[in-house]
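Participant: Below are the structure tokens for one structure; questions will follow.
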Amino acid sequence: MNKLVFANLVHRPLRSAISVLAVAIEVIMILSIVAIFMGMLDDQKARTNGIGADLIVMPSNASFIGGMSGAPMSAKLGPFLARLPHVAVASPVISNFSMGSSVEVLYGIDYPSFNALKPFVFLSGGPFQDPNDVIVDDVFARAGQGHRVGESIMILNHPFRISGIVESGKGGRKLLPIDTLSSLMGSEGKASVIYLKMDTPANDTLVSDEIHSTKGLENYKVQTMADLVALYTPSRFPGFDLALRVVISIAVIVGFLVIFQSMYTAVLERTREIGILKSLGASNLTIVSVVLRETAVLAVAGVLVGIVSTYGVRQLLRIKFSTFAFELTPAWIGWGTLIAFAGALGGALYPAWMAARKDAIDALAYE
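Structure below.
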């Protein structure tokens with residue numbers, strides 16, 4: 055029977071190739087959309103966690119998603135909070151969601167205090183020397199044809215000179231002087247958040263209580279960085295789960311319909327073959343198993359092609375968009391495989407049932 059299964063697939067190479075391609079596209083769609091979303095999410099989480107702060111202070115209505123709330127608070131709160139007991143460093147920061155040449159979150163920083171949270175590791179160059187300087191991380195520096203210290207780049211339609219290149223993992227990929235970014239945004243003297251570093255992390259609660267007892271700051275959000283990073287989950291990002299369900303549904307429908315059409319046509323073309331098998335004593339279960347085994351072979355081949363192709367997509371994205379995070383995890387490879395198999399076998403069930411119901415005498419007489 056296994057020889058018969060493979061012989062039937064080889065006998066119709068174009069149909070088999072189309073079926074394999076349909077399953078592969080299903081796998082690529084599922085894995086790619088998940089890898090893109092999760093890559094962006096985990097990359098932002100890692101870079102936020104790498105800032106080196108213990109607490110973050112923001113207005114009550116501010117979004118935890120960096121760059122989405124503008125600059126609603128006064129940057130003068132930084133020096134005030136720095137004078138509180140147990141606060142070692144207070145650093146006001148502007149984060150601006152930009153959709154210029156690429157989607158990114160720009161950071162406007164007060165260099166001395168931001169560096170005090172966790173010192174930058176410079177690979178070349180150094181701190182800002184001019185209001186129109188920018189510090190970039192090594193991931194951005196490798197992008198495209200590469201960037202170097204002293205080079206001019208456009209940010210928000212404004213030329214900036216790269217003053218230094220640092221190791222990635224500390225906030226944004228592009229860091230500007232806070233006064234410069236606030237001026238470009240029309241938010242002079244403002245900040246999005248204020249990062250605090252304690253004399254010891256054990257005093258987080260004491261500092262939080264002190265802030266909330268200060269007049270005018272009662273309703274401000276004060277979170278530990280661990281609590282903030284814990285919010286970076288798919289369920290907290292609008293549209294993530296919906297987009298994922300839509301893509302998976304479309305992928306499953308594509309795979310289902312192609313497999314259904316392929317196996318349905320194959321059953322019609324092999325009516326006499328089915329009659330011969332039944333006349334030789336093959337049971338209905340045997341006939342069903344032949345159709346499903348063919349489908350399983352197509353699904354296995356499609357999944358393998360899909361997984362390999364997804365790794366190819368990742369390499370292409372790394373070449374084209376080197377700052378783009380694409381996270382392909384074993385767990386989602388497993389889920390993608392199961393979903394593709396379920397869709398393929400679901401598409402083969404009716405053709406298999408139809409084959410098993412054929413009368414042996416009628417099938418033998420079929421022209």
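Those letters in the sequence shown? Residues 55 to 421, by this note's numbering.
Idealized CB from N, CA, C, for every residue including glycine.
All values reported here derive from a predicted model rather than from experimental measurement.
Given this structure, state the Cα-to-Cα distance separating W386 from G397, to the nearest angstrom.
Facilitator: On the sequence shown, position 332 is the one that residue 386 refers to. On the sequence shown, position 343 is the one that residue 397 refers to. If you take the alpha carbons of W386 and G397, they lie about 16 Å apart.
Participant: What's the C-alpha gap between L230 and D295?
Facilitator: Indexing the sequence shown from 1 puts residue 230 at position 176. Indexing the sequence shown from 1 puts residue 295 at position 241. Taking the straight line joining both Cα atoms gives about 34 Å.
Participant: Give me the Cα-Cα distance between I219 and P213, rounded to the nearest whole angstrom.
Facilitator: Indexing the sequence shown from 1 puts residue 219 at position 165. Indexing the sequence shown from 1 puts residue 213 at position 159. About 17 Å.
Participant: Quick check on T101: buried or exposed, where buried means 16 or more other Cβ atoms within 10 Å of its Cβ?
Facilitator: One-based indexing of the sequence shown puts residue 101 at position 47. Residue 101 is actually Arg in this sequence, not Thr. By the 10 Å Cβ count, R101 comes out buried.
Participant: Would a C-beta distance cut-off of 9 Å place L171 and I105 closer than the cut-off?
Facilitator: Taking the first residue of the sequence shown as position 1, residue 171 is located at position 117. Taking the first residue of the sequence shown as position 1, residue 105 is located at position 51. Their beta carbons are under 9 Å apart, which means L171 touches I105 by this criterion.
Participant: With F91 as the anchor, note down where its alpha helix (DSSP H) starts and where it stops.
Facilitator: Numbered from its first residue, the sequence shown carries residue 91 at position 37. F91 -> alpha helix (DSSP H) spans 67 to 103.
Participant: Using the Cβ count rule (16 or more neighbours within 10 Å means buried), how would you classify V258?
Facilitator: Within the sequence shown, the letter at position 204 stands for residue 258. Strictly speaking, residue 258 in this sequence is Asp, with Val absent from that position. Looking at its Cβ environment, which holds 16 or more other Cβ atoms inside 10 Å, D258 is buried.
Participant: Can you tell me whether G226 is buried or exposed, with buried defined as 16 or more other CB within 10 angstroms of its CB?
Facilitator: Working through the sequence shown from its first residue, we reach residue 226 at position 172. With 16 or more other Cβ atoms within 10 Å, it is buried.
Participant: Which residues mark the beginning and the end of the beta strand (DSSP E) in which L109 is found?
Facilitator: In the sequence shown, counting from the first residue as 1, residue 109 sits at position 55. Note, L109: beta strand (DSSP E), 109 to 112.
Participant: Pull up the distance between the alpha-carbon of D97 and that of K224, whole angstroms please.
Facilitator: Position 43 of the sequence shown, counted from the start, is the residue given in the question as residue 97. Position 170 of the sequence shown, counted from the start, is the residue given in the question as residue 224. Cα to Cα, D97 sits roughly 11 Å from K224.
Participant: First and last residue of the alpha helix (DSSP H) that includes Y165?
Facilitator: Position 111 of the sequence shown, counting from 1, holds the residue named residue 165. It spans 165 to 171 - the alpha helix (DSSP H) in which Y165 sits, taken as one unbroken run.
Participant: Enumerate in chain order the residues of its own chain whose CB-to-CB distance from G400 is below 6 Å, with the five nearest sequence positions on each side excluded.
Facilitator: As a first step, residue 400 is located in the sequence shown; it is residue number 346 there, counting from the start. Cβ within range, chain order: F310.
Participant: Is the separation between the beta-carbon of P146 and that of G132 shorter than 9 Å?
Facilitator: Looking up residue 146 in the sequence shown gives position 92. Looking up residue 132 in the sequence shown gives position 78. Yes, the pair counts as a contact, with Cβ atoms nearer than the cut-off.
Participant: Sort T278, A402, A195 by Cα distance to V351 and report the nearest one.
Facilitator: Walking along the sequence shown from the start, residue 351 turns up at place 297. Considering only alpha carbons, the answer is A402.
Participant: Which full runs of the alpha helix (DSSP H) of 4+ residues lie inside the stretch 232 to 300, going along the chain?
Facilitator: Qualifying alpha helix (DSSP H) stretches, in chain order: 232 to 239, 258 to 266, 279 to 284.
Participant: Using a Cβ-Cβ distance cut-off of 9 Å, determine whether S70 contacts chain D.
Facilitator: Among the chains of the structure shown, chain D does not appear; only one protein chain is present.
Participant: G162 by DSSP, collapsed to three states: which one?
Facilitator: In the sequence shown, counting from the first residue as 1, residue 162 sits at position 108. Note: G162 maps to strand in three-state DSSP.
Participant: Under the assumption that I393 contacts V306 (Cβ atoms under 8 Å), give the Cβ distance between them as a whole number of angstroms.
Facilitator: Translated into positions along the sequence shown, residue 393 becomes position 339. Translated into positions along the sequence shown, residue 306 becomes position 252. Rounded, the Cβ-Cβ distance is 6 Å, consistent with contact.
Participant: Using the Cα positions of V342 and F314, report the straight-line distance between them to the nearest angstrom.
Facilitator: For the purposes of this step, residue 342 is identified with residue 288 of the sequence shown, where counting begins at 1. For the purposes of this step, residue 314 is identified with residue 260 of the sequence shown, where counting begins at 1. C-alpha separation (whole angstroms): 14 Å.
Participant: Tell me which same chain residues have a C-beta within less than 8 Å of the C-beta of A297, skipping the five on either side of it?
Facilitator: Walking along the sequence shown from the start, residue 297 turns up at place 243. Excluding residues within five positions, the ones whose Cβ falls inside 8 Å are I87, F91.
Participant: Helix, strand or coil for F134, going by three-state DSSP, please let me know.
Facilitator: As a first step, residue 134 is located in the sequence shown; it is residue number 80 there, counting from the start. Correct three-state label for F134: helix.
Participant: Going straight from the alpha carbon of A71 to that of P405, what length do you get?
Facilitator: Stepping through the sequence shown from its first residue, residue 71 is reached at position 17. Stepping through the sequence shown from its first residue, residue 405 is reached at position 351. About 19 Å.
Participant: Taking the beta strand (DSSP E) that F176 belongs to, which residues open and close that run?
Facilitator: The count along the sequence shown starts at 1 and reaches residue 176 at position 122. Unbroken beta strand (DSSP E) run through F176: 176 to 179.
Participant: Nearest to A76 by alpha carbon, out of S316, N115, L339, F375?
Facilitator: By one-based count along the sequence shown, residue 76 stands at place 22. It is S316.
Participant: Considering Cα atoms alone, identify which of A379, Y165, L85, V141 is closest to I232.
Facilitator: By 1-based counting over the sequence shown, the position of residue 232 is 178. Comparing Cα positions, the closest option is Y165.
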